[in-house]
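Protein chains in written order, with our numbering: chain P, 1 to 80; chain L, 1001 to 1080; chain Z, 2001 to 2182; chain C, 3001 to 3182; chain U, 4001 to 4256; chain X, 5001 to 5256; chain W, 6001 to 6370; chain B, 7001 to 7370.
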Amino acid sequence: MPAKGWIEVSDTYCKGCELCISACPQGVMELDMSRLTPRGYHPAHTFKDGCTGCAICALVCPDAAITVYREITKAVPATA
Amino acid sequence: MPAKGWIEVSDTYCKGCELCISACPQGVMELDMSRLTPRGYHPAHTFKDGCTGCAICALVCPDAAITVYREITKAVPATA
Amino acid sequence: MQKEILIAGFGGQGVLFAGQVLAYAAMDTGKIVTWIPSYGPEMRGGTANCTVVIADEEIGSPLVKNPPLVIALNLPSFDKYEELLAPGGTLIVNQSMVDRGAKRDDIRAVFVPCNEIAEEIGDRKLMNMVAVGALLTALPELSLKDVEKALEAHLPERHKHLLPKNYEALKRGFEAAQKVPA
Amino acid sequence: MQKEILIAGFGGQGVLFAGQVLAYAAMDTGKIVTWIPSYGPEMRGGTANCTVVIADEEIGSPLVKNPPLVIALNLPSFDKYEELLAPGGTLIVNQSMVDRGAKRDDIRAVFVPCNEIAEEIGDRKLMNMVAVGALLTALPELSLKDVEKALEAHLPERHKHLLPKNYEALKRGFEAAQKVPA
Amino acid sequence: MTAPENLVYDRPEAFTETPTHYCPGCTHGVAHRLIAEVLEEMDLIPKTIGVAPVGCSVFAYNYFDTDFVEAPHGRAPAMATGIKRVLPDRIVFTYQGDGDLASIGMGEIVHAAARGENITVIFINNANYGMTGGQMAPTTLPGMKTTSSPNGRDVETQGYPIRMAEMLSTLDGVGYCVRRSLHDPKNIRLAKKAIRTAFETQARGLGFSMVELLSTCPTNWGMKPVEALKFVEEKMVPFFPLGDYKVAAGVAQVKV
Amino acid sequence: MTAPENLVYDRPEAFTETPTHYCPGCTHGVAHRLIAEVLEEMDLIPKTIGVAPVGCSVFAYNYFDTDFVEAPHGRAPAMATGIKRVLPDRIVFTYQGDGDLASIGMGEIVHAAARGENITVIFINNANYGMTGGQMAPTTLPGMKTTSSPNGRDVETQGYPIRMAEMLSTLDGVGYCVRRSLHDPKNIRLAKKAIRTAFETQARGLGFSMVELLSTCPTNWGMKPVEALKFVEEKMVPFFPLGDYKVAAGVAQVKV
Amino acid sequence: MPKEMWKGNEAIAEAAVRAGLEAYFGYPITPQTEILEYLSKRMPELGRAFVQAESELGAINMVYGAACTGVRVMSSSSSPGVSLMMEGLSYIAGTEVPAVLVNVMRGGPGLGNIAPAQSDYNQAVHGGGHGDYPRIVLAPSSVQEAIDLMVLSFDLAEKYRMICMVILDGSVGQIMEPAEMPEMKPIVRKDFEWATNGAVGRERRILSSIYIDPPAEEVTNFRLAKRWQEVQADEVRYKEYYLDDAEFVVVGFGTAGRVALSAVRAARAEGIKVGLLRPVTVSPYPYQVIDQLAGRVSAFLVTEMNMGQMLEDVRLAVRGRVPVEFYGRTGGVVPFPDEILNEIRRVAAGRLSAEADPRVSWLTRMASVK
Amino acid sequence: MPKEMWKGNEAIAEAAVRAGLEAYFGYPITPQTEILEYLSKRMPELGRAFVQAESELGAINMVYGAACTGVRVMSSSSSPGVSLMMEGLSYIAGTEVPAVLVNVMRGGPGLGNIAPAQSDYNQAVHGGGHGDYPRIVLAPSSVQEAIDLMVLSFDLAEKYRMICMVILDGSVGQIMEPAEMPEMKPIVRKDFEWATNGAVGRERRILSSIYIDPPAEEVTNFRLAKRWQEVQADEVRYKEYYLDDAEFVVVGFGTAGRVALSAVRAARAEGIKVGLLRPVTVSPYPYQVIDQLAGRVSAFLVTEMNMGQMLEDVRLAVRGRVPVEFYGRTGGVVPFPDEILNEIRRVAAGRLSAEADPRVSWLTRMASVK
Ligand SMILES: Cc1ncc(C[n+]2csc(CCOP(=O)(O)OP(=O)(O)O)c2C)c(N)n1
Ligand SMILES: Cc1ncc(C[n+]2csc(CCOP(=O)(O)OP(=O)(O)O)c2C)c(N)n1
Ligand code: SF4
Ligand code: SF4
Ligand code: SF4
Ligand code: SF4
């Protein structure tokens, strides 16, 4: 069974460009149309379970807005 | 028997650089140490018979100082 | 006669075009006019504003520190230009995007829900025309007709089909502003 | 005291070095001195000249229009500088390369066969030193010894072995010039 | 539950707090992030001096937590040369756009490469001039519309795109010269490896290193960021083939 | 006895009466002569506008019987572009040294080539700056002594020579780009053919054409003219291989 | 022709086209890029030459080349880009070929910013490239003036075989005003006796800026100076406002002059007898009119969008007869009429600065502003 | 140290080395190439940086880079090459880093020739790059002065974080004179609080000339102006000759000043009470001393190897109180003392030119010379 992970998207950095959304292999991300960031963007978020913590969203994010976590402790070097 | 030719070296242009001399296949050229051109050089000249009018001297002359003639009339394009 | 109008809002709210419409109307009615945008750093985004000066003799400065007429299409513009507005001046405020009333009492602040009105008309983009309509209540030098003619004359062909809605937006804005007690 | 010396000839006749020798001698004897070459177009060949000014106070112009002392090592230089020489001035002419006498009578023209003398000494290159020696007869501020010392002090090591011949060239030039009736 | 051992990816240390001014989805940001990660992994932050260009990345100095200077348009390689020659033990890199490097800065980049200046160049090829509003660049594709090629680049009158990586690879001074792209996760990983190798090349004194990165300009291309990635993949990559154009013997040894 | 029918070779018409200012034996003169012969043979004299560089050939305009302009150091290709764009039916050529073309003029030559400007460039590679007294050029051979590389060019600090013909051949705009040498009769003949082909390329509108010519600088090399030719043959040719680096399809058709 | 609404930069481009521009060479830079963008569409339409050069260095030398053929040619740029053209300008001047260059000035020095400024005045009028050479410099303050001066620039450049620069600050480039365009001039290629356009049926020609023999170079410098005297005699242009009864005079060019006009009007409304002189040609500079004014007015107030550059030319003309005061904003800041009005009030009140250099007291006043 | 015979260009190079030059970036051009050639040997010997750049553009930006690290760095060139550095100079000035640039001026405009000239005065002192920026400009007239000013240039550049230019005409570069070299200064790297040399154990630093917000750019311009006022107060340098009892004064810098000295002496010998002022710093310019002199002398005669550039600065200082006459040679022609003597005689005889602009009558006089 796949690893369980979760992400945090920073309101300071996210510009709602959707690159992470289209890159997410699990299709669990979308823009949160319910709110605007201080800089006026709809930020990305995970709208359902299934995040494996693969960190691909973080890999494609132009604004280093995503922090990625995983339940299993051994951290896989995501971007090397 | 080889064609017979002759050259004229212009005092206006010759700078006595000796390129023609070293290029002449017949070795019939040398600098005329007996005189100086108006611009102060010992000009090149043919010092013995044997010029075939091959025009190689003219081909290497940086100053277009040499005019080449040949007895046989059909002019061979020397530099093409 | 010389009147200075400053229009401010987010990029994308049609600030520059709103100013150009006024400029064209002024030109077509034989007045002397200048239109000048604030052109920002060599990069994207942020707020935009433009200043329109309408006069009947050679115009000096195209910019003024304290304009008598201002359209503020968003909160930051409202905050900034309420302070700068000339005493006794008129401030058209896009009520849809501000959550407060006027602070100064020596000016006339006219609150018009431009977004809502535009959406009622069926084209949210027209909120800038609503605001322009409202402004005309304070700019006797230009009539609604003048501005309509200007739109008709200068709107690019491919947008001509939008004319009726533009007219309506102007009218609705004008009326809304008139309703506001002086 | 201020004396100006101009030395002219073909490039390759050692014009610049001749001037430098005089400049060094002046410096070593505690005088103030300038040496300036004519630097030609960004290409090769042609004639060269340099001007040496010897004085006992700060030197103004390093160039003079009518120098009192000239060395002409070839005909073109003779032609040019005979005209420019200051009245009463001395003109050292390299007889070996000119085929005419002086035109002016208000100057002292000293003809010295520098090439021949140099060849007698066994180094045609030294003709410039012969001329310098001749000049010294008209330049009391510098003695033969001064110039010899300067050569000794400033000739690059690898040329030191040439010193004796240089001395001889200077001496022969000096003597030759002395013989010429004033 | 969010204990450090859970951490898979976090914003690199080499970044300052400042959010970038780049347009949403512009891959300038990805390039920045990769450089920051590499500087951090190689522990070079205090040793590094960056040279920002004139271009959208003119403010790059705001984002990296290293010393930075800002060069005149196109002259970053010359400034970097000046810095590296007096501080040979420092790591010096330039970050340049295609107008900056391939147009006005052609003389400086070619000669820095020819001299084998021991600097690293990160070259962002986005096929246009972003900062000034999308004019034609030397890298603009044939037929591509820009604000200064309004009918599409006509190669007859406006010339052909220049492939910088290929051209510079003909120079003996070059230690490492490759082209990568930022249009998908796989290529982003390869891009990072290349950037790492480029800095390793400099750290080992193996000569001039450059990584050309195919990048997007959603704003001036008039595309959504995701569409822009497609454009890179479908239009740019075929014209600007990805690959290693020069890897000097010494560099080939480097394992990253 | 010296009737015209006897004439085998005479000074080309395209030359003026003026003797050149070049040093004795300098092959700048040979390059000039070949150009003059080609212009004459192609009957281009009245149609041609030459662009002289800053360098020993700065006075080239004195020798050719055509219109001529004199460009700032390195900018001849830009001037030629300006002329050709307004007079497309004219023949425009630049004549440039290696300092002029490969050092200060790098940006202009690369972009003229990339744009495929329909001009002809005669590039004289004599491995140094002649006019200013023999400083190092981008083409100076490794270890070669010049007045600005007094201990011989140290490639570590002074960089590597640039092979222009090879580098420019990577550009799509280039129609014809070759290297020839002027060190002996055979190579002089080949050089002339190449110059002819270059002008034919322009005449037919086939794009940018350049002939790089290995040339001597006896004066600054401190050699007799004949020794200088040997130096070219033995030292320069091995480093700057002679050959055709780019001959576009259309140009390949051209028979000269 | 009826008036149409034009943006400064585009008006300049179209005016050049109508004046017979045959070739444009430029490089993008804010705030002048619209000129290049406009011409990238317009010139090919008309079958005329347009090249986006590799750099400003390339651009100015393409201009140089085209200018040698005798066609009407121009480039445009903004401050940093213009600095890169200095060698080329000096060559063009030394070769005596006509060329037009537009500088839409921005805040400096260095990269600075893209806001309106006038701080390249000295570069354009006095310094610039190496060597002595005269150049004509026009300074429009409105779109209509920009159009008229663009047309004039080509005529003057051609007439005097000289560089003609048009310098404007970013706001003249960005402003929109109703303006009248001239008729489209048909292209007629004059075969100038100096143009190198191919020696067909005539003696060959050479164009260069080399005079390896100093006396020949000196003669050239004298020839240029003589020609400059003609320009000074015939081409000085300026605009006067309320000068007849003025007790003191404000001097400003371009946008600064325009802003001053508003201030002068406001001052007049307050009963202050002040006038305005707005130089239109800043080279040749209207020294004479200022010289005459200095004979009858009590003071001058120079206002610029820089640290005081044209100021020196006013001082040269005034020659110490009356005080010359200065008020400037710089770095991209555009003054508001009120600021200048305050300065006018100060001068009217006779509070004049003591120092020889009016910048000193100005800087102190500015400090108190901050 | 004992005096040795030095050639101007080489003396400049060695003086820079002794002053602690850590990096040189340059490009060959006559008549300054000896500086580059000398340093191509000397700098590597000492393990210091020498790069023959691809161009002057490359050179000035290498200087810019090295200057940002806080080391002593310089470039040198001659007129056309210096014109290519204008953008770079403006950036360096805007970034407030110290840098030294030598211009061995030659005849212009354009390619001109390689003979001695002073016609880049305006470029160096007034115009030059875009934007307002102060720069220190030193003008040596002899080898010893060139040595001393080279050393000074690095100190001033560092002290004021400013560009320091040394401008000399070709003859000062080519002349040989006995001169004394300073001791070799050991290299001590000062860690300036602004230098970007790697953020080891400190906050990171940024050096740039961007101030995208106009008010910030204005503040920068004011900061530079304030610093310039210090320079004006403390760094003006000039040399006076026979001024005490002078009835009128010749003003000239560099070689023109030194030629004038011979003429002044000759005039004194004829009993003409004339003095000489030779500015050593032409920026800051000795306005004050001229201002004072204007109070007591009857006229000024400005002599330059150009068409009259420094002339304007003298006129600014004199402010019309007494006539300012001009005599120049240009295009590479160096005046002989006799020519200036004749001018001195003319002025002594009170034959002064009527026009406001002394160049007009000068040009007429020169015409009669030809
Ligand atoms: C000398 C000079 N010329 C032109 C400019 C204007 N300018 C600023 S950025 C830029 C081009 C930027 O394009 P690119 O280098 O491709 O970078 P991008 O913005 O696309 O990342 C230009 C032309 C300038 N600042 N300086
Ligand atoms: C802007 C500028 N920089 C430098 C120079 C000085 N300069 C004149 S010719 C030349 C180099 C010539 O060398 P090259 O191009 O190789 O031609 P060559 O003389 O060898 O034929 C230089 C640097 C100049 N005239 N202008
Ligand atoms: S990629 Fe980054 S910036 Fe873009 S939407 Fe996702 S989190 Fe936001
Ligand atoms: S090659 Fe020409 S110049 Fe040289 S010696 Fe022979 S004839 Fe004279
Ligand atoms: S303009 Fe283009 S390159 Fe510049 S930040 Fe925006 S998207 Fe990126
Ligand atoms: S210096 Fe060299 S290149 Fe120049 S003419 Fe003489 S030999 Fe030829």
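We put the CB at the ideal spot given by N, CA and C, even for glycine.
Answer yes or no: does any C-beta atom of chain X fall closer than 8 Å to that of B:Glu7014? By the rule that beta-carbons nearer than 8 Å mark a contact, B:Glu7014 does not touch chain X.
Closer than 8 Å, CB to CB, is X:Phe5240 near chain B or not? Chain B contact via Cβ: absent.
When we look at the beta-carbon of P:Ser34 and count the other beta-carbons within 10 Å, is it buried (16 or more) or exposed? It counts as exposed.
Who are the neighbours of B:Asp7244 on chain C, taking C-beta pairs under 9 Å? Within chain C, no residue comes near B:Asp7244; the closest Cβ sits about 17 Å away, beyond 9 Å.
Could you tell me which whole alpha helix (DSSP H) segments of length 4 or greater appear in the segment 6256–6299 of chain W? DSSP runs (the alpha helix (DSSP H)) wholly in the segment 6256–6299 of chain W: 6287–6296.
At 8 Å on the CB atoms, spell out the chain X contacts of W:Ala6049, in chain order. Arg5085, Val5086, listed in chain order.
Applying a beta-carbon distance threshold of less than 8 Å, which residues of chain W neighbour U:Pro4142? For U:Pro4142, no chain W residue has a C-beta closer than 8 Å to its own C-beta; the minimum C-beta separation is roughly 15 Å.
Quick one: using the 10 Å Cβ neighbour count with 16 as the cut-off for buried, is X:Pro5161 buried or exposed? It is buried - the Cβ of X:Pro5161 has at least 16 other Cβ atoms within 10 Å.
Which residues in the same chain as P:Tyr41 place their Cβ atom closer than 7 Å to its Cβ, once the five residues preceding and following it in sequence are excluded? Leaving aside the five residues that flank P:Tyr41 on each side, the residues in its chain whose CB is nearer than 7 Å to its CB run, in chain order, Cys14, Lys15, Gly16.
Three or more beta-carbon pairs under 8 Å between the segment 7159–7169 of chain B and the segment 7085–7097 of chain B, yes or no? Yes, since at least three Cβ pairs between the segment 7159–7169 of chain B and the segment 7085–7097 of chain B fall closer than 8 Å, the two stretches touch.
When you compare each of B:Ser7055, B:Gly7065, B:Ile7029 to B:Ala7023 by their alpha carbons, which one comes out closest? Nearest to B:Ala7023 by alpha-carbon distance, out of B:Ser7055, B:Gly7065, B:Ile7029, is B:Gly7065.
For the segment 3023–3043 of chain C, list every residue whose C-beta sits within 8 Å of some C-beta in chain B, in sequence order. Result list: Ala3023, Tyr3024, Met3027, Ile3032, Val3033, Thr3034, Trp3035, Ile3036, Pro3037, Tyr3039, Pro3041, Glu3042.
I'd like to confirm something about B:Gly7081: is its beta-carbon nearer than 7 Å to some heavy atom of ligand 2, or not? Within 7 Å of the C-beta of B:Gly7081 there is at least one heavy atom belonging to ligand 2.
May I ask you to report which of helix, strand or coil DSSP gives P:Ala44? Of the three classes helix, strand and coil, the one that applies to P:Ala44 here is strand, per DSSP.
Ligand 7 and X:Gly5099: does any heavy atom of the ligand fall closer than 7 Å to the residue's C-beta? Looking for ligand 7 in the displayed structure turns up nothing; the ligands present are ligand 1, ligand 2, ligand 3, ligand 4, ligand 5 and ligand 6.
Output the distance between the C-alpha atoms of W:Gly6173 and U:Pro4088, rounded to the nearest integer angstrom. If you take the alpha carbons of W:Gly6173 and U:Pro4088, they lie about 46 Å apart.
When you compare the segment 6323–6334 of chain W with the segment 7206–7224 of chain B, are there three or more beta-carbon pairs, one atom per stretch, that lie closer than 8 Å? In short, these stretches touch, since the Cβ pair count reaches three.
In whole angstroms, what is the alpha-carbon distance linking C:Met3043 and B:Lys7185? Confidence at C:Met3043 is low in this model, with a pLDDT of 37, below 50, so its placement is unreliable and the value that follows should be read with caution. Between C:Met3043 and B:Lys7185, the C-alpha separation is close to 38 Å.
Looking at C-alpha atoms only, which residue of B:Pro7109, B:Val7082, B:Leu7046, B:Ile7060 is the closest neighbour of B:Val7073? Checking every option, the nearest Cα to that of B:Val7073 belongs to B:Ile7060.
For the segment 2109–2131 of chain Z, enumerate the residues whose C-beta is nearer than 9 Å to any C-beta of chain W, in chain order. From the segment 2109–2131 of chain Z, no residue has a Cβ closer than 9 Å to chain W.
Just to confirm before moving on: does the CB-CB distance between W:Val6297 and W:Phe6253 stay below 8 Å? At least 8 Å separates the beta-carbon of W:Val6297 from that of W:Phe6253.
Using a C-beta to C-beta distance shorter than 9 Å, which residues of chain W count as neighbours of B:Ala7067? In chain W, no part has a C-beta under 9 Å from the C-beta of B:Ala7067; the shortest such distance is about 13 Å.
I need the DSSP call for W:Met6366, collapsed to helix, strand or coil. Annotated three-state conformation of W:Met6366 is helix, per DSSP.
Continuous alpha helix (DSSP H) stretch holding U:Gln4158: start and end: Segment 4155–4158, the alpha helix (DSSP H) holding U:Gln4158.
Bridge partners - B:Tyr7133, DSSP secondary structure assignment: Beta-bridge pairing links B:Tyr7133 to no other residue.
Nearest-angstrom Cα distance between B:Trp7006 and U:Val4058? Approximately 46 Å, taken between the alpha carbons.
W:Lys6041: contacting residues in chain U (beta-carbon distance under 7 Å): When 7 Å is used as the limit between beta carbons, W:Lys6041 is near these residues of chain U: Pro4150, in chain order.
If you measure between the beta carbons of W:Leu6207 and X:Val5069, is that distance less than 8 Å? Taking C-beta atoms as the reference points, W:Leu6207 and X:Val5069 count as a pair closer than 8 Å.
Residue range of the unbroken beta strand (DSSP E) whose run includes B:Glu7004: B:Glu7004 -> beta strand (DSSP E) spans 7004–7007.
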